[in-house]
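Trainee: Chains as they are written, first to last, in the working numbering: chain A, 1 to 150; chain B, 1 to 102.
For glycine and all other residues, C-beta sits at the position ideal for the given N, C-alpha and C.
My structure is below; once you've seen it, I'll send some questions.
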Amino acid sequence: MKEPFGGYLLNIAFRLLVPFTVVYSVYVLILGESSPGGGFQAGVVLSFGIVLGRLIMGEDCKLFNIKTKNTLVIAGVGTFIYSLAGWLTLFGGGKFLDYSFLPFAAEHANELHALGILMIETGVTICVMMTILNIMDAVVKRSDDDGSAE
Amino acid sequence: MMRGFVITVLALLTGLFCSSVTYLPVIGDPYSVPNQHITPVYIAQSELDTGSPNIVTGTLADYRGFDTMWETTVMFLSGLTTTLILTSSTMGRRPEKEDEYE
Numbered sequence: 001m002k003e004p005f006g007g008y009l010l011n012i013a014f015r016l017l018v019p020f021t022v023v024y025s026v027y028v029l030i031l032g033e034s035s036p037g038g039g040f041q042a043g044v045v046l047s048f049g050i051v052l053g054r055l056i057m058g059e060d061c062k063l064f065n066i067k068t069k070n071t072l073v074i075a076g077v078g079t080f081i082y083s084l085a086g087w088l089t090l091f092g093g094g095k096f097l098d099y100s101f102l103p104f105a106a107e108h109a110n111e112l113h114a115l116g117i118l119m120i121e122t123g124v125t126i127c128v129m130m131t132i133l134n135i136m137d138a139v140v141k142r143s144d145d146d147g148s149a150e
Numbered sequence: 001m002m003r004g005f006v007i008t009v010l011a012l013l014t015g016l017f018c019s020s021v022t023y024l025p026v027i028g029d030p031y032s033v034p035n036q037h038i039t040p041v042y043i044a045q046s047e048l049d050t051g052s053p054n055i056v057t058g059t060l061a062d063y064r065g066f067d068t069m070w071e072t073t074v075m076f077l078s079g080l081t082t083t084l085i086l087t088s089s090t091m092g093r094r095p096e097k098e099d100e101y102e
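In structure tokens form, the structure reads like this:
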């Protein structure tokens with residue numbers, strides 16, 4: 001992380017904006033239960049951080065350039081985490097998405113509800129982030145192909 | 001002919017909607033029908049039931065959790081469909097480069 005990223009502005013943008021954006025998205029996700037925010041917003045902010053990192057680092061950085069195949073799979077995994085919360089409550093003996101029956105150890109039902117809300121919002125965050133990266137990948141690949149063909 | 005028909009239908013629908021606006025409940029009216037049905041229960045019971053001080057999160061993730069689940073699924077499917085449409089429509093145009101799309 002010592003070498004510059006191609007200019008003063010890009011250094012500042014990468015070293016300040018990208019970590020701040022990623023941490024802020026986790027903040028929005030965790031505090032979405034008690035303040036404005038939530039899974040959808042956190043996913044958008046997180047995907048913005050990754051898009052920013054991709055714009056600065058270019059095509060070479062493997063960390064920010066997730067392959068389209070993997071983004072599709074991970075978006076599906078995010079959706080699966082959501083429904084997994086519902087199935088866990090079914091196995092715990094309750095109705096679908098009734099967080100009081102989550103099979104975790106907690107003293108009070110409210111904590112289980114908070115855990116369930118956090119779990120489904122994590123799933124929503126992963127799905128939103130990967131869907132946005134997915135669409136961006138598709139558009140970039142499409143425009144690259146069109147440019148090279150003409 | 002077709003154009004006149006479309007314009008007539010659109011004008012009729014616009015007039016219908018504009019006249020029905022006056023029958024809608026006033027926004028923020030506490031005595032309107034939707035605000036008296038289930039909303040007071042949510043406002044009173046949300047923190048006790050869901051353990052979340054945010055009524056919006058409690059409603060979205062707990063009371064209407066099934067709705068939000070399919071909302072997420074719809075978004076995933078729309079992203080998948082967009083990717084498929086955008087990446088596969090170039091296949092037919094240049095079949096010699098088809099190997100690049102995995």
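#1: How is B:Ile-27 classed by DSSP in three states: helix, strand or coil?
#2: Chain A beta carbons: is any one of them nearer than 7 Å to that of B:Ala-61?
#3: What runs of the beta strand (DSSP E), each 3 residues or longer, lie entirely inside the segment 17-92 of chain A?
#4: Kindly indicate which residue of A:Thr-68, A:Gly-93, A:Met-57 has the alpha-carbon position closest to the one of A:Asp-10.
#5: Taking DSSP as the reference, what is the three-state secondary structure of A:Lys-234?
#6: Please give me, in chain order, every unbroken run of the alpha helix (DSSP H) with length at least 4 that falls completely inside the segment 48-91 of chain B.
#7: With 7 Å as the threshold, decide whether the Cβ of A:Val-124 is near any Cβ in chain D.
#8: Helix, strand or coil for B:Ser-32, going by three-state DSSP, please let me know.
#9: Evaluate contact between the segment 107-126 of chain A and the segment 46-53 of chain B, counting only Cβ atoms and requiring at least three cross-stretch pairs below 8 Å.
#10: Closest Cβ-Cβ distance between A:Asn-65 and chain B: below 7 Å?
#11: Can you name the start and end residues of the alpha helix (DSSP H) that B:Thr-14 belongs to?
#12: With a threshold of 7 Å on Cβ separation, who are the neighbours of A:Pro-103 within its own chain once the five nearest residues in sequence on each side are excluded?
#13: On a Cα-Cα basis, can you pick out the residue from A:Ala-109, A:Ala-75, A:Ser-34, A:Glu-107 that is closest to A:Thr-125?
#14: Use the C-beta contact count for A:Arg-54: other C-beta atoms within 10 angstroms, 16 or more gives buried, fewer gives exposed.
#15: What is the rounded straight-line gap between the Cα of B:Thr-87 and the Cα of A:Val-22?
#16: Quick check: what's the CA-CA separation for A:Glu-150 versus B:Met-75?
#17: At the 7 Å Cβ level, is A:Ala-114 part of the contact set with chain B, yes or no?
#18: Under 7 Å between C-beta atoms, does B:Ser-52 make it to chain A?
#19: Between A:Tyr-27 and chain B, is there a C-beta pair that is closer than 7 Å?
#20: Determine the burial state of A:Gly-38: buried for a count of at least 16 other Cβ atoms within 10 Å of its Cβ, exposed for fewer.
#21: Which residues in the same chain have their Cβ closer than 8 Å to the Cβ of B:Leu-10, if we skip the five residues on either side of it in sequence?
#22: When burial is assigned at 16 or more other CB atoms within 10 Å of the CB, is A:Phe-20 buried or exposed?
#23: Measure from the C-beta of A:Gly-43 to each C-beta in chain B and report whether the shortest distance is under 7 Å.
#24: Here's the rule I'm using: 16 or more other beta-carbon atoms within 10 Å means buried, otherwise exposed. How should B:Phe-66 be labelled?
Mentor: Quick answer:
#1: Mapped onto the second sequence, residue 27 of chain B falls at position 27. Three-state result, B:Ile-27: coil.
#2: Taking the first residue of the second sequence as position 1, residue 61 of chain B is located at position 61. Output row for B:Ala-61: interface = yes.
#3: none
#4: One-based indexing of the first sequence puts residue 10 of chain A at position 10. Note on identity: in this sequence residue 10 of chain A is Leu, with Asp being the wrong assignment. Cα-wise, what sits closest to A:Leu-10 is A:Met-57.
#5: Here chain A comprises residues numbered 1 to 150, so residue 234 of chain A is not present and cannot be evaluated.
#6: 65-88
#7: This model lacks chain D altogether, as its protein chains are A and B.
#8: Here residue 32 of chain B refers to the residue found at position 32 when the second sequence is read from its first residue. Coil.
#9: yes
#10: If you number the first sequence from 1, residue 65 of chain A lands on position 65. Judged by the 7 Å Cβ criterion, A:Asn-65 is not in contact with chain B.
#11: Counting from 1 along the second sequence, the entry for residue 14 of chain B is found at position 14. 2-20 is the span of the alpha helix (DSSP H), which, as asked, contains B:Thr-14.
#12: Residue numbering aside, residue 103 of chain A sits at position 103 when the first sequence is read from its first letter. Closer than 7 Å at Cβ, skipping near neighbours: Leu-88, Phe-91, Gly-92.
#13: Along the first sequence, one-based indexing puts residue 125 of chain A at 125. It is A:Ala-75.
#14: Along the first sequence, read from residue 1 onward, the residue named residue 54 of chain A stands at position 54. The residue is buried, with at least 16 neighbouring Cβ atoms inside 10 Å.
#15: For this step, residue 87 of chain B is matched to residue 87 along the second sequence. For this step, residue 22 of chain A is matched to residue 22 along the first sequence. Cα-Cα distance, rounded: 29 Å.
#16: Along the first sequence, one-based indexing puts residue 150 of chain A at 150. Along the second sequence, one-based indexing puts residue 75 of chain B at 75. Reliability fails at A:Glu-150, whose pLDDT of 43 lies under 50, so the model's placement of it is uncertain and no value is given.
#17: For the purposes of this step, residue 114 of chain A is taken as the residue at position 114 of the first sequence. Output row for A:Ala-114: interface = yes.
#18: The count along the second sequence starts at 1 and reaches residue 52 of chain B at position 52. It does: the Cβ of B:Ser-52 has a partner Cβ on chain A nearer than 7 Å.
#19: Position 27 of the first sequence holds residue 27 of chain A. No, A:Tyr-27 does not count as interfacial toward chain B.
#20: The sequence position of residue 38 of chain A within the first sequence is 38, counting from 1. A:Gly-38 is buried by the Cβ-count criterion.
#21: Here the question's residue 10 of chain B lines up with position 10 in the second sequence. Excluding positions up to five away in sequence, the list is empty.
#22: Here residue 20 of chain A corresponds to residue number 20 of the first sequence, with the count starting at 1. Result: exposed.
#23: Taking the first sequence and counting its residues from 1, the one referred to as residue 43 of chain A is at position 43. Not an interface residue.
#24: As a working mapping, residue 66 of chain B is identified with position 66 in the second sequence. That one is exposed.
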